[in-house]
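J.: Structure in structure tokens, see below.
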Amino acid sequence: MKIFHDVIRNLIKSLLVFIIIFVLILGLFLIVNKTISLFITIIFILLYVGLFCYCMYAFVYASKTFNFLSFKGFIGLISFTLLTITCTFATIFFFSINLMITNELGENLTFEEKMEFYILPFLKDKTNSIDYHAIKTHKLRTTYDNVEIFYEPHEKDLLPIIKHAIDKTDTLTTNLFGKVEDNDIDLILHSSSEELYEQTSLLKTMGYFDDPNDIVGIAISDLDEILSDQMPGIFYFQSTIMHEYTHYRLQTFMKEQGLYINRVPLWFHEGVAEYVGMHEVAHRYYPFKEAPFEKLITHEEWEEYRFDNYEVYIQSYYAIHYLVKKYGDEIIRSIIEETAKVNDFNEGFTRATGITIKDLQEVYLETNKISMNQ
Numbered sequence: 092m093k094i095f096h097d098v099i100r101n102l103i104k105s106l107l108v109f110i111i112i113f114v115l116i117l118g119l120f121l122i123v124n125k126t127i128s129l130f131i132t133i134i135f136i137l138l139y140v141g142l143f144c145y146c147m148y149a150f151v152y153a154s155k156t157f158n159f160l161s162f163k164g165f166i167g168l169i170s171f172t173l174l175t176i177t178c179t180f181a182t183i184f185f186f187s188i189n190l191m192i193t194n195e196l197g198e199n200l201t202f203e204e205k206m207e208f209y210i211l212p213f214l215k216d217k218t219n220s221i222d223y224h225a226i227k228t229h230k231l232r233t234t235y236d237n238v239e240i241f242y243e244p245h246e247k248d249l250l251p252i253i254k255h256a257i258d259k260t261d262t263l264t265t266n267l268f269g270k271v272e273d274n275d276i277d278l279i280l281h282s283s284s285e286e287l288y289e290q291t292s293l294l295k296t297m298g299y300f301d302d303p304n305d306i307v308g309i310a311i312s313d314l315d316e317i318l319s320d321q322m323p324g325i326f327y328f329q330s331t332i333m334h335e336y337t338h339y340r341l342q343t344f345m346k347e348q349g350l351y352i353n354r355v356p357l358w359f360h361e362g363v364a365e366y367v368g369m370h371e372v373a374h375r376y377y378p379f380k381e382a383p384f385e386k387l388i389t390h391e392e393w394e395e396y397r398f399d400n401y402e403v404y405i406q407s408y409y410a411i412h413y414l415v416k417k418y419g420d421e422i423i424r425s426i427i428e429e430t431a432k433v434n435d436f437n438e439g440f441t442r443a444t445g446i447t448i449k450d451l452q453e454v455y456l457e458t459n460k461i462s463m464n465q
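Under my numbering, think of the first position of the sequence shown as 92, with each following residue one higher.
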């Protein structure tokens with residue numbers, strides 16, 4: 092019975108100490124950057140190694156007389172050894188998570204943003220999991236530069252069109268924000284918008300870019316119309332590829348600047364993508380339902396206005412069109428770089444342009460009304 096009580100007592104002690112260390116490490120990694128977190132990890136690992144070596148020494152020479160931090164005797168030694176090993180793995184785990192988050196999303200995340208990503212795996216029904224492996228399994232594949240294209244046999248003749256759209260986007264995005272360090276991405280062709288919805292649950296869309304998985308998806312509206320180079324099919328197909336590939340390029344550039352992509356409002360993301368996708372298209376202005384830019388920040392806000400018949404894509408396109416025509420192609424890069432410096436889009440935007448978002452709301456449409464009707 093005494094042995095049983097000793098085991099329970101040491102397990103409780105170990106659990107309490109582990110919880111304290113767990114909370115301490117988590118708190119530290121939530122508030123420090125990856126360089127400091129690496130330094131902290133090294134210190135903790137060295138401490139754990141030292142304690143583990145001490146435990147091994149105690150096992151050989153002093154297992155019965157072991158007494159350290161209220162862990163006593165042979166059972167206390169076993170408990171403390173297991174605690175040391177568990178804390179080592181916990182520290183490495185948290186460092187890996189912190190490294191992954193900062194590398195993928197940028198170093199300038201707030202405490203709350205980091206916490207959201209730490210607890211994301213424990214949340215249910217918060218994300219829609221798409222089985223990309225099942226979608227790609229029976230498709231043919233070919234590689235073009237950094238893009239692996241997945242398609243059906245009867246869609247093979249679309250490949251030259253896809254490659255041309257990628258090349259064109261490469262040129263246009265390089266003009267806007269310079270060369271980026273490309274990583275490998277997948278481009279999946281969906282036979283129709285209906286199939287795209289069935290496989291992804293994305294409503295009313297012809298394409299998507301899944302950033303965490305580095306996947307672009309494109310729906311084929313009318314295969315015969317596209318292959319015969321007829322409008323509007325060929326235009327929408329090429330434009331959608333350019334739009335989604337621009338999302339990939341823009342977000343890659345943001346990450347290179349150490350900028351969390353959600354720090355930049357969605358209207359800017361979509362406006363840049365639409366600006367490239369609609370390259371050399373002569374837009375004639377027509378009145379449309381306009382939303383405040385300050386209400387087009389998140390995906391939830393964007394979808395709310397989009398499904399309420401606001402022309403959010405057209406509005407965002409006009410905003411980027413105005414900025415590029417007034418300040419030049421380099422303004423997109425400048426806005427991102429200034430935002431990365433201060434970790435705030437509104438301030439970065441003003442630093443780069445000299446105007447506020449409210450100023451933009453007042454002037455961008457009037458300018459486009461004039462230019463588009465000439």
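In this text, a Cβ means the ideal position worked out from N, Cα and C, and glycines have one as well.
Do threonine 179 and isoleucine 136 count as a contact pair if the criterion is CB distance below 8 Å?
T.: yes
J.: Taking Cβ to Cβ, would you say leucine 121 is nearer than 8 Å to lysine 247?
T.: no
J.: So for tyrosine 242, helix, strand or coil by DSSP?
T.: strand
J.: By Cβ distance below 8 Å, which residues in the same chain neighbour threonine 260 in space, the five residues on each side in sequence not counted?
T.: Ile332, Met333, Tyr336, Thr337, Arg340, Val367
J.: To the nearest angstrom, how far is the alpha carbon of glycine 439 from that of phenylalanine 384?
T.: 16 Å
J.: Near leucine 83, which residues of its chain fall below 7 Å by C-beta distance, leaving aside the five closest residues on each side in sequence?
T.: The chain is shown from 92 up to 465; residue 83 falls before or after that span and cannot be answered.
J.: Is it a yes or a no for the segment 352–371 touching the segment 408–417, going by three-plus beta-carbon pairs under 8 Å?
T.: These segments touch.
J.: If I measure Cβ to Cβ from valine 271 and keep anything under 7 Å in the same chain, skipping five residues before and after, which residues do I get?
T.: Arg340, Thr343, Phe344, Glu347
J.: Helix, strand or coil, according to DSSP, for asparagine 304 in the structure here?
T.: In the three-state reduction of the DSSP assignment, asparagine 304 falls in the coil class, being assigned neither a helical nor a strand state.
J.: To the nearest angstrom, how far is the alpha carbon of leucine 107 from that of asparagine 434?
T.: 38 Å
J.: How is aspartate 277 classed by DSSP in three states: helix, strand or coil?
T.: strand
J.: Looking at the unbroken beta strand (DSSP E) that takes in threonine 233, where does it start and where does it end?
T.: 231–235
J.: Would you call the CB atoms of lysine 104 and phenylalanine 162 closer than 8 Å?
T.: yes
J.: Assuming asparagine 266 is part of the alpha helix (DSSP H), what are its boundary residues?
T.: Start and end: 250–268.
J.: Whole angstroms are fine: how far does the CA of glutamate 239 sit from the CA of glutamate 402?
T.: 33 Å
J.: Contact defined as beta carbons within less than 8 Å: I believe alanine 256 pairs with serine 283. What is the distance between those atoms, to the nearest angstrom?
T.: In fact, because the Cβ distance is near 19 Å, the residues do not count as touching under 8 Å.
J.: State the beta-bridge partners of lysine 163 as determined by DSSP.
T.: Asn158.
J.: Using alpha carbons as the reference points, say which of Ile276, Val372, Gln290, Val140 lies closest to aspartate 302.
T.: Ile276
J.: Taking all protein chains shown into account, do 16 or more other C-beta atoms lie within 10 angstroms of the C-beta of glutamine 465, making it buried, or fewer, making it exposed?
T.: The predicted position of glutamine 465 is uncertain, since its pLDDT is 49 and thus under 50; a value taken from the coordinates is nonetheless stated next. By the neighbour-count rule (16 or more Cβ atoms within 10 Å), glutamine 465 is not buried but exposed.
J.: Ordered along the chain, which non-local residues of its own chain (more than five positions away) have a Cβ less than 8 Å from that of threonine 447?
T.: Asn437, Phe440, Thr441
J.: Given a threshold of 16 other Cβ atoms within 10 Å of its Cβ, counted over all protein chains shown, does methionine 297 qualify as buried or as exposed?
T.: By the 10 Å Cβ count, methionine 297 comes out buried.
J.: Indicate whether phenylalanine 326 and isoleucine 279 have their beta-carbon atoms separated by less than 8 Å.
T.: no
J.: I'd like to check one pair, threonine 156 with phenylalanine 109: are the Cβ atoms closer than 8 Å?
T.: Not closer than 8 Å, so no.
J.: Go ahead and label cysteine 144 buried or exposed: buried means 16 or more other beta carbons lie within 10 angstroms of its beta carbon, across all protein chains shown.
T.: exposed
J.: Here's the rule: buried if 16 or more other CB atoms are within 10 angstroms of the residue's CB, otherwise exposed. What is isoleucine 99?
T.: Taking every protein chain shown into account, the CB of isoleucine 99 has fewer than 16 other CB atoms within 10 angstroms, so this residue is exposed.
J.: Tell me, please, which residues DSSP counts as bridged to isoleucine 309.
T.: Bridge pairing for isoleucine 309: Leu280, Gly298 [DSSP].
J.: Isoleucine 446 by DSSP, collapsed to three states: which one?
T.: coil
J.: What is the rounded straight-line gap between the Cα of glycine 141 and the Cα of asparagine 274?
T.: 40 Å
J.: Just the C-alpha distance for serine 412 and alanine 382, rounded to the nearest angstrom, thanks.
T.: Just to set this straight, residue 412 is histidine in the shown sequence, not serine. One C-alpha to the other measures close to 17 Å.
J.: Threshold first: 4 residues or longer. Then list the alpha helix (DSSP H) segments lying entirely within the segment 326–396, N to C.
T.: 357–368
J.: When we look at the beta-carbon of serine 220 and count the other beta-carbons within 10 Å, is it buried (16 or more) or exposed?
T.: exposed
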